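Numbering (full-length UniProt numbering), first residue to last: 1 to 152.
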């Protein structure tokens, strides 16, 4: 006698499905990242610091847990990724104070991947000088630039 399934019928074995081969094309995260970075003049940690000193904004989009564990860039604004587009829309009612289309904005994540996607989106929102920090916060810290930490 065979095995019974949940409804009393025979158990059907479904063969393991192979992952379908992905054909090259204009999709996938690698393509999206490359396309985003083509729109940006990405900056080094020292270039980001210089922009900040000249009145540009550094915006840290890392989760709070990362900021607590690794530290923060002094003077950087923190904007959670979930509300970023609303805060970066230069014509929106929820925009950051002092934000305008020609103000330099440098987005920062851990290693410079999510920030590239976010910076490209910021440019589409109208921030002509939006970019991101190549290598992210970890490159900033490795360059020996100032970092604030929360005493725990």
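Positions of the beta carbon are idealized from the N, C-alpha and C atoms, including for glycine. Here the structure is a predicted model, which is why all the values come from computation and not from measurement.
Rounded to a whole number of angstroms, what is the C-alpha to C-alpha distance between residue i and residue j?
| i | j | result |
| --- | --- | --- |
| residue 127 | residue 106 | 11 Å |
| residue 40 | residue 150 | 32 Å |
| residue 68 | residue 84 | 20 Å |
| residue 133 | residue 94 | 24 Å |
Assuming residue i and residue j form a contact by the criterion Cβ under 8 Å, report the distance between their Cβ atoms to the nearest whole angstrom.
| i | j | result |
| --- | --- | --- |
| residue 82 | residue 58 | Between residue 58 and residue 82 the Cβ distance is about 19 Å, and since that is not below 8 Å, they are no contact. |
I'd like the list of long-range same chain contacts for residue i, defined as Cβ closer than 7 Å, with 5 residues on each side in sequence excluded.
| i | result |
| --- | --- |
| residue 136 | 108, 109, 110, 111, 112 and 115 |
| residue 186 | The chain is shown only over 1 to 152; residue 186 falls outside these bounds and no answer can be derived. |
In the DSSP assignment, find the unbroken alpha helix (DSSP H) run with residue i in it and report its ends.
| i | result |
| --- | --- |
| residue 96 | Note, residue 96: premise wrong, no alpha helix (DSSP H); not H, not E. |
| residue 127 | Residue 127 -> no alpha helix (DSSP H), and no H or E assigned at all. |
Could you pull out every residue in the same chain whose Cβ sits closer than 8 Å to the Cβ of residue i, ignoring the five residues on either side in sequence?
| i | result |
| --- | --- |
| residue 141 | 70, 71 and 147 |
Looking at the unbroken beta strand (DSSP E) that takes in residue i, where does it start and where does it end?
| i | result |
| --- | --- |
| residue 30 | Counting along the chain, residue 30 falls outside any beta strand (DSSP E), though it belongs to the alpha helix (DSSP H) covering 29 to 38. |
| residue 130 | 130 to 132 |
Looking only at its chain, what residues have a beta carbon closer than 6 Å to the beta carbon of residue i, apart from the 5 residues adjacent to it on each side?
| i | result |
| --- | --- |
| residue 53 | none |
Any beta carbon from chain B within less than 8 Å of residue i's own beta carbon?
| i | result |
| --- | --- |
| residue 104 | Structure shown: chain B not included; a single protein chain is present. |
Counting beta carbon pairs with one atom in the stretch 25 to 32 and one in the stretch 46 to 54, are three or more of them shorter than 8 Å?
Between the stretch 46 to 54 and the stretch 25 to 32, the count of Cβ pairs shorter than 8 Å is below three; the stretches do not touch.
Three or more C-beta pairs below 8 Å linking the stretch 60 to 79 and the stretch 29 to 37:
The stretch 60 to 79 makes no contact with the stretch 29 to 37; the number of CB pairs closer than 8 Å stays below 3.
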